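Scroll down for the structure; my scribbles are underneath it.
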Amino acid sequence: MSSTTNTLQQLSSQNEFQRRHVGPSETEKQEMLKSLGFTNIDELMSKVVPKTIFNKEKMAIGDGIAENEILAQLKKTMSQNKVFQTLIGMGFHDTITPSVIARNVFENPVWYTAYTPYQPEISQGRLQTLLNFQTMVSDLTGMEISNASLLDEGTAAAEAMAMALSVSKKNDVHAFLVHPDMHPHVIEVLKTRAEPLDLELIIQDPMTFDFKKEIFAAFFQYPTTTGLIENYKDITQKLHDHGALVIT
(Lines of atoms letter the chains of each structure in order from A and count residues from 1; the text may use other names and numbers.)
(Lines give C-alpha, C1' and ligand atoms only; values in the text may rest on other atoms or scores of the structure.)
Protein backbone atom coordinates (compact mmCIF):
# COMPACT_ATOMS: atom_id res chain seq x y z
CA MET A 1 0.00 0.00 0.00
CA SER A 2 1.40 3.37 -1.01
CA SER A 3 0.88 6.51 0.98
CA THR A 4 0.94 10.10 -0.23
CA THR A 5 2.10 12.92 1.99
CA ASN A 6 0.78 16.38 1.19
CA THR A 7 2.62 19.49 2.21
CA LEU A 8 0.85 22.29 4.07
CA GLN A 9 1.01 24.42 0.90
CA GLN A 10 -0.67 21.66 -1.13
CA LEU A 11 -3.43 21.31 1.44
CA SER A 12 -4.08 25.05 1.58
CA SER A 13 -4.23 25.28 -2.22
CA GLN A 14 -7.27 22.99 -2.31
CA ASN A 15 -9.43 26.04 -1.64
CA GLU A 16 -8.11 28.01 -4.62
CA PHE A 17 -10.68 29.37 -7.03
CA GLN A 18 -9.68 27.25 -10.03
CA ARG A 19 -9.86 24.01 -8.03
CA ARG A 20 -13.50 24.63 -7.11
CA HIS A 21 -14.85 25.40 -10.58
CA VAL A 22 -15.43 23.64 -13.87
CA GLY A 23 -12.32 23.28 -16.01
CA PRO A 24 -9.75 20.79 -17.31
CA SER A 25 -6.94 19.60 -15.07
CA GLU A 26 -3.30 20.02 -16.03
CA THR A 27 -3.16 16.37 -17.10
CA GLU A 28 -6.23 16.80 -19.31
CA LYS A 29 -4.72 19.92 -20.87
CA GLN A 30 -1.53 18.06 -21.76
CA GLU A 31 -3.50 15.18 -23.27
CA MET A 32 -5.50 17.57 -25.47
CA LEU A 33 -2.38 19.46 -26.54
CA LYS A 34 -0.61 16.21 -27.39
CA SER A 35 -3.51 15.01 -29.52
CA LEU A 36 -3.40 18.32 -31.43
CA GLY A 37 0.34 18.17 -31.93
CA PHE A 38 1.33 20.98 -29.58
CA THR A 39 3.46 21.06 -26.46
CA ASN A 40 1.97 24.10 -24.69
CA ILE A 41 -0.91 26.58 -24.76
CA ASP A 42 1.20 29.41 -26.20
CA GLU A 43 2.13 27.30 -29.20
CA LEU A 44 -1.53 26.43 -29.78
CA MET A 45 -2.62 30.07 -29.56
CA SER A 46 0.07 31.19 -32.01
CA LYS A 47 -1.39 28.82 -34.59
CA VAL A 48 -5.05 29.54 -33.90
CA VAL A 49 -5.10 33.34 -33.55
CA PRO A 50 -4.45 35.23 -36.85
CA LYS A 51 -1.05 36.89 -36.94
CA THR A 52 -2.65 40.25 -37.79
CA ILE A 53 -4.24 40.46 -34.34
CA PHE A 54 -1.89 38.25 -32.31
CA ASN A 55 -0.18 40.20 -29.54
CA LYS A 56 3.18 38.71 -28.60
CA GLU A 57 3.80 41.14 -25.78
CA LYS A 58 3.18 39.86 -22.29
CA MET A 59 0.38 41.56 -20.41
CA ALA A 60 1.47 43.51 -17.35
CA ILE A 61 -0.98 41.86 -14.99
CA GLY A 62 1.49 40.50 -12.46
CA ASP A 63 1.72 37.04 -10.98
CA GLY A 64 -1.34 35.07 -9.96
CA ILE A 65 -2.33 35.08 -6.31
CA ALA A 66 -4.62 32.96 -4.17
CA GLU A 67 -8.32 33.75 -3.92
CA ASN A 68 -8.17 34.69 -0.24
CA GLU A 69 -5.33 37.13 -0.98
CA ILE A 70 -7.19 38.93 -3.76
CA LEU A 71 -10.31 39.10 -1.59
CA ALA A 72 -8.25 40.75 1.14
CA GLN A 73 -6.85 43.24 -1.37
CA LEU A 74 -10.31 44.05 -2.74
CA LYS A 75 -11.69 44.50 0.78
CA LYS A 76 -8.87 46.91 1.61
CA THR A 77 -9.46 48.90 -1.58
CA MET A 78 -13.23 49.01 -1.10
CA SER A 79 -12.81 50.25 2.47
CA GLN A 80 -11.39 53.48 1.02
CA ASN A 81 -14.71 54.31 -0.65
CA LYS A 82 -16.63 57.23 0.81
CA VAL A 83 -20.42 56.89 0.61
CA PHE A 84 -22.15 60.26 0.32
CA GLN A 85 -25.81 61.22 0.23
CA THR A 86 -26.97 61.14 -3.39
CA LEU A 87 -29.22 63.94 -4.60
CA ILE A 88 -29.35 62.98 -8.28
CA GLY A 89 -33.06 62.14 -8.15
CA MET A 90 -34.82 61.00 -11.34
CA GLY A 91 -35.51 57.54 -9.94
CA PHE A 92 -32.02 56.94 -8.60
CA HIS A 93 -32.16 56.58 -4.83
CA ASP A 94 -31.01 54.37 -2.00
CA THR A 95 -32.99 51.24 -1.23
CA ILE A 96 -33.25 49.06 1.83
CA THR A 97 -32.59 45.37 1.21
CA PRO A 98 -34.18 43.18 3.91
CA SER A 99 -31.60 40.99 5.63
CA VAL A 100 -33.48 37.83 4.71
CA ILE A 101 -33.21 38.76 1.01
CA ALA A 102 -29.55 39.70 1.30
CA ARG A 103 -28.68 36.48 3.11
CA ASN A 104 -30.69 34.04 1.02
CA VAL A 105 -30.29 35.63 -2.42
CA PHE A 106 -27.38 38.06 -2.76
CA GLU A 107 -25.11 36.10 -0.42
CA ASN A 108 -26.17 32.69 -1.75
CA PRO A 109 -23.94 31.62 -4.69
CA VAL A 110 -26.63 29.19 -5.88
CA TRP A 111 -28.35 32.17 -7.54
CA TYR A 112 -25.40 33.62 -9.41
CA THR A 113 -22.71 30.95 -9.87
CA ALA A 114 -22.58 29.54 -13.39
CA TYR A 115 -23.06 25.78 -13.23
CA THR A 116 -22.35 25.11 -16.92
CA PRO A 117 -19.21 26.16 -18.84
CA TYR A 118 -21.31 27.99 -21.46
CA GLN A 119 -23.43 29.95 -18.95
CA PRO A 120 -21.06 32.39 -17.22
CA GLU A 121 -23.85 34.65 -15.97
CA ILE A 122 -26.81 34.76 -13.61
CA SER A 123 -29.64 34.12 -16.06
CA GLN A 124 -30.87 30.89 -14.49
CA GLY A 125 -30.74 32.26 -10.97
CA ARG A 126 -32.61 35.39 -12.01
CA LEU A 127 -35.31 33.36 -13.77
CA GLN A 128 -35.72 31.17 -10.68
CA THR A 129 -36.07 34.28 -8.52
CA LEU A 130 -38.73 35.71 -10.85
CA LEU A 131 -40.60 32.40 -10.79
CA ASN A 132 -40.65 32.45 -6.99
CA PHE A 133 -41.85 36.06 -7.02
CA GLN A 134 -44.62 35.35 -9.52
CA THR A 135 -45.74 32.28 -7.58
CA MET A 136 -45.99 34.36 -4.41
CA VAL A 137 -47.97 37.13 -6.18
CA SER A 138 -50.37 34.57 -7.68
CA ASP A 139 -50.88 33.01 -4.25
CA LEU A 140 -51.59 36.41 -2.69
CA THR A 141 -53.96 37.65 -5.39
CA GLY A 142 -55.56 34.37 -6.41
CA MET A 143 -55.08 35.34 -10.05
CA GLU A 144 -53.74 33.16 -12.85
CA ILE A 145 -51.44 35.93 -14.06
CA SER A 146 -48.65 37.84 -12.37
CA ASN A 147 -46.28 40.65 -13.20
CA ALA A 148 -42.52 40.21 -13.43
CA SER A 149 -39.77 42.75 -13.07
CA LEU A 150 -37.84 44.25 -15.97
CA LEU A 151 -34.24 45.41 -15.89
CA ASP A 152 -34.89 49.15 -15.61
CA GLU A 153 -37.60 51.80 -15.35
CA GLY A 154 -37.34 52.95 -18.97
CA THR A 155 -37.77 49.43 -20.32
CA ALA A 156 -40.75 48.84 -18.05
CA ALA A 157 -42.37 52.05 -19.31
CA ALA A 158 -41.80 51.09 -22.95
CA GLU A 159 -43.30 47.64 -22.40
CA ALA A 160 -46.31 49.19 -20.64
CA MET A 161 -46.87 51.43 -23.66
CA ALA A 162 -46.61 48.47 -26.05
CA MET A 163 -49.01 46.42 -23.91
CA ALA A 164 -51.53 49.28 -23.82
CA LEU A 165 -51.39 49.43 -27.60
CA SER A 166 -52.00 45.70 -27.93
CA VAL A 167 -55.04 45.63 -25.62
CA SER A 168 -56.56 48.96 -26.64
CA LYS A 169 -59.92 48.80 -28.39
CA LYS A 170 -58.92 51.82 -30.49
CA ASN A 171 -57.15 49.84 -33.20
CA ASP A 172 -56.94 52.81 -35.58
CA VAL A 173 -55.52 55.24 -32.99
CA HIS A 174 -51.72 55.51 -32.61
CA ALA A 175 -51.31 58.59 -30.40
CA PHE A 176 -49.93 58.21 -26.88
CA LEU A 177 -50.07 60.97 -24.25
CA VAL A 178 -47.00 61.35 -22.01
CA HIS A 179 -46.73 63.63 -18.97
CA PRO A 180 -43.82 66.05 -19.57
CA ASP A 181 -42.72 65.82 -15.92
CA MET A 182 -41.64 62.19 -16.20
CA HIS A 183 -37.98 61.23 -15.85
CA PRO A 184 -36.12 62.44 -18.99
CA HIS A 185 -34.43 59.10 -19.61
CA VAL A 186 -37.80 57.31 -19.45
CA ILE A 187 -39.27 59.68 -22.05
CA GLU A 188 -36.27 59.04 -24.31
CA VAL A 189 -36.81 55.27 -24.10
CA LEU A 190 -40.50 55.78 -24.92
CA LYS A 191 -39.51 57.80 -28.01
CA THR A 192 -37.16 55.07 -29.16
CA ARG A 193 -39.74 52.32 -28.63
CA ALA A 194 -42.53 54.35 -30.24
CA GLU A 195 -40.69 54.81 -33.54
CA PRO A 196 -40.76 51.18 -34.78
CA LEU A 197 -44.34 50.86 -33.52
CA ASP A 198 -45.30 53.89 -35.63
CA LEU A 199 -46.70 55.69 -32.59
CA GLU A 200 -47.06 59.43 -32.09
CA LEU A 201 -45.92 60.61 -28.67
CA ILE A 202 -47.78 63.67 -27.39
CA ILE A 203 -45.72 65.12 -24.54
CA GLN A 204 -48.19 67.42 -22.80
CA ASP A 205 -49.66 68.05 -19.38
CA PRO A 206 -52.74 65.81 -19.22
CA MET A 207 -54.53 68.44 -17.14
CA THR A 208 -54.52 70.80 -20.15
CA PHE A 209 -55.15 68.17 -22.84
CA ASP A 210 -58.30 69.11 -24.81
CA PHE A 211 -59.03 65.62 -26.24
CA LYS A 212 -59.51 67.05 -29.76
CA LYS A 213 -57.00 64.42 -30.83
CA GLU A 214 -57.77 60.81 -30.02
CA ILE A 215 -55.28 58.85 -27.93
CA PHE A 216 -55.24 55.17 -27.02
CA ALA A 217 -53.52 55.66 -23.65
CA ALA A 218 -51.86 58.16 -21.33
CA PHE A 219 -48.80 57.81 -19.09
CA PHE A 220 -48.41 59.66 -15.76
CA GLN A 221 -45.64 59.52 -13.18
CA TYR A 222 -46.37 59.65 -9.46
CA PRO A 223 -44.65 61.52 -7.97
CA THR A 224 -43.27 63.44 -10.94
CA THR A 225 -39.57 63.81 -11.63
CA THR A 226 -39.62 67.25 -9.95
CA GLY A 227 -41.35 65.83 -6.89
CA LEU A 228 -44.93 66.98 -7.52
CA ILE A 229 -47.73 64.84 -6.11
CA GLU A 230 -50.77 65.40 -8.28
CA ASN A 231 -54.30 64.05 -7.96
CA TYR A 232 -55.00 62.13 -11.17
CA LYS A 233 -58.49 60.96 -10.17
CA ASP A 234 -60.50 63.37 -12.35
CA ILE A 235 -58.25 63.19 -15.41
CA THR A 236 -58.15 59.40 -15.16
CA GLN A 237 -61.95 59.27 -15.23
CA LYS A 238 -62.00 61.67 -18.19
CA LEU A 239 -59.51 59.53 -20.10
CA HIS A 240 -61.56 56.41 -19.42
CA ASP A 241 -64.69 58.23 -20.62
CA HIS A 242 -62.86 58.84 -23.91
CA GLY A 243 -61.89 55.17 -24.15
CA ALA A 244 -58.22 55.70 -23.32
CA LEU A 245 -56.15 53.54 -20.99
CA VAL A 246 -54.13 55.04 -18.13
CA ILE A 247 -50.63 53.99 -17.03
CA THR A 248 -49.00 55.28 -13.86
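Positions in the sequence shown are counted from 1; adding 1397 to them yields this note's numbering. Note that CB positions come from ideal geometry on N, CA and C, so glycine has one too. Please read all numbers here as calculations on a predicted model, not as lab measurements.
Asked: Between the region 1600–1609 and the region 1556–1569, can you find at least three pairs of beta-carbon atoms closer than 8 Å?; Found: no
Asked: I1644 by DSSP, collapsed to three states: which one?; Found: strand
Asked: Helix or strand or just coil, what does DSSP make of I1612?; Found: coil
Asked: Any contact of the region 1610–1618 with the region 1532–1552, i.e. 3+ C-beta pairs under 8 Å?; Found: no
Asked: Do the CB positions of L1596 and K1588 come within less than 7 Å of each other?; Found: no
Asked: Secondary structure at S1399, three-state DSSP: helix, strand or coil?; Found: Bear in mind that the predicted position of S1399 carries a pLDDT of just 48, short of 50, making it unreliable; the figure below should be weighed with that in mind. Of the three classes helix, strand and coil, the one that applies to S1399 here is coil, per DSSP.
Asked: For E1597, report the span of its beta strand (DSSP E) as first-last.; Found: 1597–1600
Asked: So, with DSSP's three-state summary, where would you put F1451?; Found: coil
Asked: Buried or exposed: which applies to Q1618, given that a residue is buried once 16 or more other Cβ atoms fall within 10 Å of its Cβ?; Found: buried
Asked: Excluding sequence positions up to five away, which residues of its chain have a Cβ less than 6 Å from the Cβ of R1590?; Found: A1555
Asked: Reducing DSSP to helix, strand and coil, say where V1564 ends up.; Found: helix
Asked: Do you know whose CA, among F1573, T1623, T1424, lies nearest F1608's CA?; Found: F1573
Asked: State the Cα-Cα distance for the pair N1501 and I1458, rounded to the nearest angstrom.; Found: 35 Å
Asked: Please go through the region 1524–1569 and give each complete alpha helix (DSSP H) segment of 4 or more residues, from N-terminal end onward.; Found: 1550–1564
Asked: Exposed or buried, which one is F1489 when buried takes at least 16 other CB atoms within 10 Å?; Found: exposed
Asked: Say yes only if the C-beta of S1535 is nearer than 6 Å to one or more non-hydrogen atoms of the ligand GDP, and no if none qualify.; Found: The ligand GDP is not part of this structure, which contains no ligands at all.
Asked: V1507 to N1628, Cα distance in whole Å?; Found: 45 Å
Asked: How many angstroms separate the CA atom of V1643 from the CA atom of E1504?; Found: 39 Å
Asked: Can you tell me where the alpha helix (DSSP H) holding L1625 begins and where it ends?; Found: Careful: L1625 lies outside any alpha helix (DSSP H) and carries neither H nor E.
Asked: Given a threshold of 16 other Cβ atoms within 10 Å of its Cβ, counted over all protein chains shown, does T1641 qualify as buried or as exposed?; Found: The sequence given here has Ala at residue 1641, not Thr. Looking at its Cβ environment, which holds 16 or more other Cβ atoms inside 10 Å, A1641 is buried.
Asked: Assuming contact is defined by CB atoms lying nearer than 7 Å, are T1645 and H1580 in contact in what I supplied?; Found: no
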